[in-house]
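Inspection log for the structure reproduced underneath, given as structure tokens.
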Amino acid sequence: MNDDEKAKARKLGMFSGFSPVLQVVGFISSKPGDAERGPMVRLRSDDALVRLVTGHELVRVVSDRRSELAELQIDDTLPRGGCVLRDVVGAAPSELVRVIKLDTDSRTRV
Numbered sequence: 013m014n015d016d017e018k019a020k021a022r023k024l025g026m027f028s029g030f031s032p033v034l035q036v037v038g039f040i041s042s043k044p045g046d047a048e049r050g051p052m053v054r055l056r057s058d059d060a061l062v063r064l065v066t067g068h069e070l071v072r073v074v075s076d077r078r079s080e081l082a083e084l085q086i087d088d089t090l091p092r093g094g095c096v097l098r099d100v101v102g103a104a105p106s107e108l109v110r111v112i113k114l115d116t117d118s119r120t121r122v
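Note that the numbering used here has the sequence shown beginning at 13, numbered continuously upward.
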């Protein structure tokens, strides 16, 4: 991570530690009236462990175009290094994204 990326991470209130990229292997687009809607990311449990996140935790999904908050779900049927996204704007299948633990413990910056 270069200095500009670190500054951007601090500005967004993100954890700026180790977060290897993930390939989007699936994308779910929900429709109005669906029982389950909203931003969600599915990861393998070992990929989540590397990022220090657990199931049903709020995480930040960062792509080249933007970043968005999403709920994390654990799915061990996925390939290692892959993720499935639901209703995450700014990401597409086969794209590389990062899933980052939110830094909710530090003071907010103005």
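The beta carbon of each residue, even a glycine, is placed where N, CA and C say it ideally should be.
It should be emphasised that the depicted structure is a prediction, and the values quoted were computed from it without experimental measurement.
Look at the stretch 51-95 and you find these whole runs of alpha helix (DSSP H), each 4 residues long or longer: 57-62.
Between the alpha carbons of VAL111 and SER41 lies a distance of about 19 Å.
In the same chain as SER79, and ignoring 5 residues on each side of it, the C-beta atoms closer than 6 Å to its own belong to ARG72, in chain order. By the CB criterion at 7 Å, VAL36 and GLU107 fall inside the cutoff. In the three-state scheme derived from DSSP, where H, G and I count as helix and E and B as strand, LYS113 is classed as strand. Distance from the CA atom of HIS68 to the CA atom of ALA104, rounded to whole angstroms, is 22 Å. Secondary structure note for VAL37: its beta strand (DSSP E) is the uninterrupted segment 34-40.
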